[in-house]
Amino acid sequence: MDNCIFCKISQKEIPSHTVYEDEVVYAFLDISQVTPGHTLVIPKKHVMDIFAFDDSLAAEVFARIPKIARAIEAAFPEIEGLNIVNNNKELAYQSVFHSHIHLIPRYSKEDDFSMHFGNHTEEYTAEELAAIASNIRKQVR
Ligand code: 5GP
Ligand code: ZN
Numbered sequence: 001m002d003n004c005i006f007c008k009i010s011q012k013e014i015p016s017h018t019v020y021e022d023e024v025v026y027a028f029l030d031i032s033q034v035t036p037g038h039t040l041v042i043p044k045k046h047v048m049d050i051f052a053f054d055d056s057l058a059a060e061v062f063a064r065i066p067k068i069a070r071a072i073e074a075a076f077p078e079i080e081g082l083n084i085v086n087n088n089k090e091l092a093y094q095s096v097f098h099s100h101i102h103l104i105p106r107y108s109k110e111d112d113f114s115m116h117f118g119n120h121t122e123e124y125t126a127e128e129l130a131a132i133a134s135n136i137r138k139q140v141r
């Protein structure tokens with residue numbers, strides 16, 4: 001797609017540091033290196049975000065994540081964990097609108113990555129949770 005920085009990266013019009021490549025995905029180092037080895041995996045086909053994947057592209061792209069994760073783990077013996085993050089739309093921190101999956105190696109609680117999961121367990125009754133789940137379930141296609 002014209003004017004998409006990640007299309008240009010996967011087509012080698014803009015340089016990047018390749019981690020893995022095949023006919024479906026391109027994986028390369030994120031320029032920000034939140035932690036050492038921070039890698040982005042993108043479909044070569046331009047899709048904007050998770051909502052735009054069809055089943056077969058999703059299967060093909062996500063099938064490649066574990067082997068790239070294992071390669072990162074093997075390359076850095078000091079890795080203690082790995083966060084996999086996929087931001088969708090601006091509110092959810094997406095800044096490049098060609099879908100990408102962040103693989104962020106974790107070295108310690110003091111490395112430069114963090115995430116906050118609020119806990120609202122006490123605010124919902126079982127009936128309210130059932131209604132939310134039912135609402136979503138009816139929309140699954
Ligand atoms: P988002 O905020 O959309 O989830 O993530 C976009 C990521 O793309 C950011 O972590 C940012 O550092 C990375 N990024 C943006 N421009 C470039 C670039 O030109 N080259 C590389 N390698 N990474 C980029
Ligand atoms: Zn693109």
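Numbering (full-length UniProt numbering), first residue to last: 1 to 141. Backbone N, C-alpha and C fix where the C-beta goes; we use that ideal spot for every residue, glycine too. Treat the numbers as computed from the prediction; the structure is a model and nothing was measured.
Taking Cβ positions, are residue i and residue j nearer each other than 8 Å?
| i | j | result |
| --- | --- | --- |
| Ile84 | Ile65 | yes |
| Gly37 | Ile72 | yes |
| Ser99 | Ala52 | yes |
Note the first and the last residue of the continuous beta strand (DSSP E) segment covering residue i.
| i | result |
| --- | --- |
| residue 160 | Residue 160 is absent from the structure shown; the chain starts at 1 and stops at 141. |
| Ile65 | No beta strand (DSSP E) holds Ile65; the alpha helix (DSSP H) holding it covers Ile65 to Ala75. |
Applying the 10 Å Cβ sphere with the 16-neighbour rule, what's the burial state of residue i?
| i | result |
| --- | --- |
| His120 | exposed |
| Thr35 | buried |
For residue i, collect the residues of the same chain with a Cβ closer than 8 Å to its Cβ; drop the 5 residues on either side in sequence, then sort them by chain order.
| i | result |
| --- | --- |
| Asp22 | Arg64 |
Taking only beta-carbon positions, decide if residue i is within less than 8 Å of chain C.
| i | result |
| --- | --- |
| Asn3 | Going by chain labels, chain C is absent from the structure shown, which holds only one protein chain. |
Tell me which residues share the same chain as residue i and place their Cβ nearer than 7 Å to its Cβ, disregarding the 5 neighbours each side in the sequence.
| i | result |
| --- | --- |
| Gln94 | Asp49, Asn87 and Asn88 |
| residue 150 | The structure shown does not extend to residue 150, since the chain spans only 1 to 141, so no value can be given for it. |
What residue range does the alpha helix (DSSP H) around residue i cover?
| i | result |
| --- | --- |
| Ala131 | Ala126 to Arg137 |
| Ile31 | Neither: Ile31 is in no alpha helix (DSSP H) and is coded neither H nor E. |
Does the Cβ of residue i lie closer than 7 Å to at least one heavy atom of the ligand FAD?
| i | result |
| --- | --- |
| His46 | As for the ligand FAD, it is missing from this structure, which binds only the ligand 5GP and the ligand ZN. |
Suppose the cutoff is 6 Å on Cβ atoms and the five residues either side in sequence are ignored; what does the same chain contact list for residue i look like?
| i | result |
| --- | --- |
| Asp111 | Thr35 |
| Tyr20 | Ala27 and Ile68 |
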